[in-house]
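A short worksheet on the structure shown next.
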Amino acid sequence: MDFGSMDDSLSQELVEGVRVQLNPAPLVRRIAALVIDYGIVSTLAYAVVILALVLFAGVVGVGLALTSLSEKLGLAGTVGLIIMALLVLLAVMAITHLYFIMFEFKKGQTLGKKVFGLKVVSLNGSRLTFKQCTLREVMRYIDGFLLLPGLISVLVTDRKQRLGDLLSDTLVVWSKNEEEAGGFFYVKKESYDFLINHLKPRLAPEEFGKNFLGFVNQSFISGNYSSTPETLRFWSQKVDDLLDPATKDTVEPKSKLRFYAEFILQEQYKAERKGT
Amino acid sequence: MRMSNTAFQLKGPEGAGGGGGMITADAPEVKAGGLFLRLVAAFIDTFILSILTTPISLIFTGKAQVALMEKDMSTYFLFLGLSFVLGLAPTLFYYIWFYTKKGATPGKLVMGLTVVDSNTGARLTVGQIILREIIGKWVFVFSMIFLGLGFFLAVFRDDKRTLADFIGGSRVVRKF
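Laid out in structure tokens, this is it:
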């Protein structure tokens, strides 16, 4: 399956004189993000529908209890049902559209886009305006008509824009870095990227890695076991042997242990990605 | 130059070199994933999966119904089986792909949760995922019959591990 590669990047002149390397989002990722977004939206919509049904049943129940003439309630009940159905439809539409518009306006990405490292950017380099977000959202009706117009548009334009993107001068970009940022456990990605160049670690044997991860996890994360100064010194020494001797003393010992644990994990993921 | 919304900015490590002392790594605070967040995540996952599997099961159960009306029992069971298998395949793919590549399903990612190996903090292996999601959740269903013991195990534990977590050797964490 083509989940895209960094090679199809496109140099964009977003700000005059400054060229930024941006990757138009691969189609598969955009579809996957959309499926996630609709999953979230339908969860919210479901909650609204259930709430409305409970409310309606409550109102009808009270109505029946108060009026002994239950047969007279027939017409009122039908009218009430229609009004409720319209209100629910309105609420569901509001949830759907506000979800997309507000997330893109405030954060530049919906939650589904965030999962896949996608972001909506404006072609002129400025922040997305409310108008752009709304236009993108309204155009979803046309782009999604039998799935065709949007699909064709993404396939034929070299910035992979759907009609809504073209009209509102926006572009969906993908950053592999951003996507992988969530996969860090012992240290945050920013710190990791800095420390990996700073400490230049070497990979340890597999058996060592397993024991070491167990130690760091127990003493820093799950808190089942507090490390004694002796065990701390023991593992610090082992890790120091695998780091650049010139810089190993500039980093705080516990940070160093956390970093090395993250290094083992990241190398493990990298090997798995190559294997499959 | 306004770039904040146009490109992903590269942030320097917070606290790196700060204060003139030793460099410290910025580490996420890891807490046990609460049951309410996990319930919401499960809801979201169910809806996402239903988007993927409903068309498949509609087509095949529809064909099965037609076969049933024509009293063609072998075709009926064939399509019923196909509907089950083809509905299960996307579900399995979903769990395995997301757990191995991202450490969590989309529902969990949205709620800020990650599933990790309880010993090492690494992502789950395929074997662990199958143990947790298939065998673990099956046991879970049976334990639900007996007052939801597997689920309520988490209520009494600080690390919020359920029976499925024990079977898969996993734990659910929330990273801040």
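Chains as they are written, first to last, in my numbering: chain L, 1 to 276; chain R, 1001 to 1176.
Note that CB positions come from ideal geometry on N, CA and C, so glycine has one too.
The structure displayed is predicted, hence computed values, not measured ones.
Between Gly1062/R and Val1173/R, the CB-CB gap reaches or exceeds 8 Å.
Contact between the region 1156-1176 of chain R and the region 1110-1117 of chain R is present: three or more C-beta pairs spanning the two stretches fall below 8 Å. DSSP places Asp1117/R within a strand segment (E or B) once states are collapsed to three. At a cut-off of 8 Å between C-beta atoms, Ala1089/R does not count as an interface residue with respect to chain L. Measuring C-alpha to C-alpha distances from Val49/L to each of Gly61/L, Leu34/L, Met93/L, Val35/L identifies Met93/L as the nearest. Of all residues in the region 260-273 of chain L, those with a C-beta nearer than 8 Å to a C-beta of chain R are Ala261, Leu265, Gln268, Tyr269, Glu272, reading in chain order. Val1040, Phe1043, Ile1044, Asp1045, Thr1046, Phe1047, Ile1048, Leu1049, Ser1050, Ile1051, Leu1052: these are the residues of the region 1034-1054 of chain R whose beta carbon lies less than 9 Å from some beta carbon of chain L, given in chain order.
The C-alpha of Gly1107/R is placed about 10 Å away from the C-alpha of Asp37/L. At a Cβ-Cβ threshold of 8 Å, Ile1056/R and Leu1086/R count as neighbours. Listed as beta-bridge partners of Pro1055/R by DSSP are no residues whatsoever.
The beta carbons of Arg202/L and Gly164/L sit about 49 Å from each other, so the pair does not count as a contact at 8 Å. Taking a Cβ-Cβ cut-off of 7 Å, the neighbours of Asp1159/R in chain L comprise Ser222, given in sequence order. Only Val35, Ile36, Tyr38, Gly39, Ile40, Ser42, Thr43, Tyr46 from the region 23-53 of chain L bring a Cβ to less than 8 Å from some Cβ of chain R. The C-alpha of Lys248/L lies about 23 Å from the C-alpha of Glu207/L. For Leu1109/R, the C-beta contacts it makes with chain L under 9 Å involve Ile36, Leu111, Lys114, Val115, Gly182, in order along the chain. Pro253/L carries a helical assignment under DSSP once its states are collapsed to helix, strand and coil.
Taking each of Leu1058/R, Gly1169/R, Gly1121/R in turn and checking the Cα distance to Val1030/R, the smallest one comes out for Gly1121/R. For Arg140/L, there is no enclosing beta strand (DSSP E); the enclosing alpha helix (DSSP H) has its first and last residue at 130-143. According to the DSSP secondary-structure assignment, Ser122/L is paired through a beta bridge with Thr170/L. In the DSSP assignment, Ala1032/R is bridged to Val1173/R. In this structure, the alpha-carbon of Val251/L lies about 6 Å from that of Thr1024/R.
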